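Residue numbers (my numbering): 63 to 205.
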């Protein structure tokens with residue numbers, strides 16, 4: 063079996079959503095000892111996605127307990143309003159959704175001005191499967 067070239071190697075980014083929040087610092091340290099390459103932080107605002115989750119304060123707290131890069135996934139509407147707060151809190155990378163933006167080019171320029179362009183991957187929310195789209199429009203669902 064051939065090893066992957068270093069630039070194509072798989073990177074491990076465990077999400078803190080799977081952590082026990084009462085032991086968050088310990089669990090991040092455990093992930094680091096186990097070989098994680100970065101820590102993934104899902105930020106949800108209850109509008110772009112139905113759940114609520116952490117904000118810049120959690121990023122700031124994690125920055126104190128790990129040297130791993132903090133990859134912050136902003137599943138929020140109008141992420142430009144929060145970019146500076148997450149970067150100031152210690153986020154190393156930001157991921158934004160184009161669907162949650164009023165002005166995507168402005169958002170990407172803002173991230174690029176604050177950090178490097180590599181700190182702002184653009185992601186797209188996947189469409190639901192065909193049968194879910196059909197069921198929303200009709201009272202009859204065929205599985």
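The beta-carbon is built from N, C-alpha and C at its ideal position, and this holds for glycine as well.
The structure displayed is predicted, hence computed values, not measured ones.
Quiz item: Residue ranges of each beta strand (DSSP E) run of no fewer than 3 residues wholly in the region 103-144, ordered along the chain?
Solution: If one requires a minimum length of 3 residues, the beta strand (DSSP E) runs lying completely within the region 103-144 are 132-137, in chain order.
Quiz item: Any idea what DSSP makes of residue 72, helix, strand or coil?
Solution: Taking the chain shown and counting its residues from 1, the one referred to as residue 72 is at position 10. Three-state DSSP puts residue 72 in coil, outside helix and strand.
Quiz item: If we call anything under 9 Å between Cβ atoms a contact, is residue 136 one with residue 125?
Solution: For the purposes of this step, residue 136 is identified with residue 74 of the chain shown, where counting begins at 1. For the purposes of this step, residue 125 is identified with residue 63 of the chain shown, where counting begins at 1. The Cβ atoms of residue 136 and residue 125 lie no closer than 9 Å to each other.
Quiz prompt | Coil, strand or helix - residue 155 by DSSP | solution = Taking the first residue of the chain shown as position 1, residue 155 is located at position 93. Reduced to three states, the DSSP call for residue 155 is strand.
Quiz item: Mind checking whether residue 79 and residue 99 have CB atoms under 9 Å apart?
Solution: Counting from one through the chain shown, the residue named residue 79 turns up at place 17. Counting from one through the chain shown, the residue named residue 99 turns up at place 37. Between residue 79 and residue 99, the C-beta spacing is not below 9 Å.
Quiz item: Taking the alpha helix (DSSP H) that residue 88 falls in, what are its first and last residues?
Solution: To locate residue 88, count along the chain shown from 1; it is residue 26. Residues 86-95.
Quiz item: From which residue to which residue does the alpha helix (DSSP H) around residue 170 run?
Solution: What you label residue 170 is simply residue 108 of the chain shown in a count that begins at 1. Residue 170 -> alpha helix (DSSP H) spans 166-176.
Quiz item: If you drop the 5 nearest sequence neighbours on each side, which residues of the same chain put their C-beta closer than 6 Å to that of residue 128?
Solution: On the chain shown, position 66 is the one that residue 128 refers to. Taking residue 128 as the centre and dropping the five residues before and after it, the same chain places the C-beta of 90, 94 closer than 6 Å to its C-beta, in chain order.
Exercise. Might you give, ordered along the chain, the residues of its own chain that have their beta carbon closer than 6 Å to the beta carbon of residue 151, omitting 5 neighbours on each side?
Key: Counting from one through the chain shown, the residue named residue 151 turns up at place 89. Closer than 6 Å at Cβ, skipping near neighbours: 118, 121, 122.
Quiz item: Taking the C-alpha atoms as reference points, what is the distance between residue 115 and residue 158?
Solution: To locate residue 115, count along the chain shown from 1; it is residue 53. To locate residue 158, count along the chain shown from 1; it is residue 96. In this model, residue 115 and residue 158 are separated by some 16 Å (Cα to Cα).
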